[in-house]
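Asker: Just so you know, the sequence shown maps onto residues 4 to 125 in the working numbering.
Just so you know, even glycine gets a beta-carbon here, dropped at the ideal spot from N, CA and C.
What you are looking at is a predicted structure, and each value in this text was computed from that prediction instead of being measured.
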Amino acid sequence: MGRLCSNLSGRIVRPLLTLIALSTLFGCSNPEEEARLAALAEGEAIVKKNCFVCHGQGINGAPIIGNSKMWAPRLEKGKEALVQSAMNGFGLMPPKGGNTELEEADIQLAVGYMMSQATPEK
Ligand code: HEC
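Structural data, given as structure tokens:
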């Protein structure tokens, strides 16, 4: 029980604390910036669970997260087109990366996070 609890709190509380620490560090008190950071954190969690298996190391040519060069031609398509690619499948990527339970809103967050990692100025 104690072990379960500490595992759970580690999983949930640590990312939250990191987020709070980061927002304090950057002194952001404006709600728009906080919403943006929260969306990125949510997107990151979705990506880690559903997309990272391929996009972490470039399986089958998946553009690697954080690799601006690989992402440049994708970014040019614009967010809506990329969301549609992820929703419907693209090349060797299955629709929704294979997790049919994801909603379009989840895909939006995930793609938003991926795009943010590909631009130097975030
Ligand atoms: C099974 C492996 C796999 C998984 C899981 C996966 N992808 Fe992909 N993804 C790919 C591959 C491979 C490509 C490159 C396809 C191509 O260019 O032919 C790609 C390309 C993309 C692109 C660029 C599409 C374009 O129009 O250029 C986006 C955006 C994307 N993936 C988002 C996601 C998101 C979001 C998730 C998680 C919900 C995800 N992917 C999960 C394999 C995967």
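(1) Just how far apart, CA to CA, sit residue 34 and residue 102?
(2) Where are the alpha helix (DSSP H) runs, 4 residues long or more, that stay fully inside the stretch 48-84, in chain order?
(3) Could you check where the alpha helix (DSSP H) with residue 118 kicks off and where it finishes?
(4) According to the neighbour-count rule (16 or more other Cβ atoms, all chains shown, within 10 Å of its Cβ), is residue 15 buried or exposed?
(5) Measuring CB to CB, does residue 90 end up less than 9 Å from residue 80?
(6) Quick one: residues in its chain with C-beta nearer than 7 Å to the C-beta of residue 77, no 5 flanking neighbours on either side, listed in chain order?
(7) Please return the same chain residues whose Cβ sits closer than 8 Å to the Cβ of residue 41, not counting the five positions on each side in sequence.
(8) Is any non-hydrogen atom of the ligand HEC found closer than 8 Å to the C-beta of residue 65, if you look at the structure I gave you?
Answerer: Walking through what the data contain:
(1) 32 Å
(2) 55-58, 71-78
(3) 107-121
(4) exposed
(5) no
(6) 66, 85
(7) 22
(8) yes
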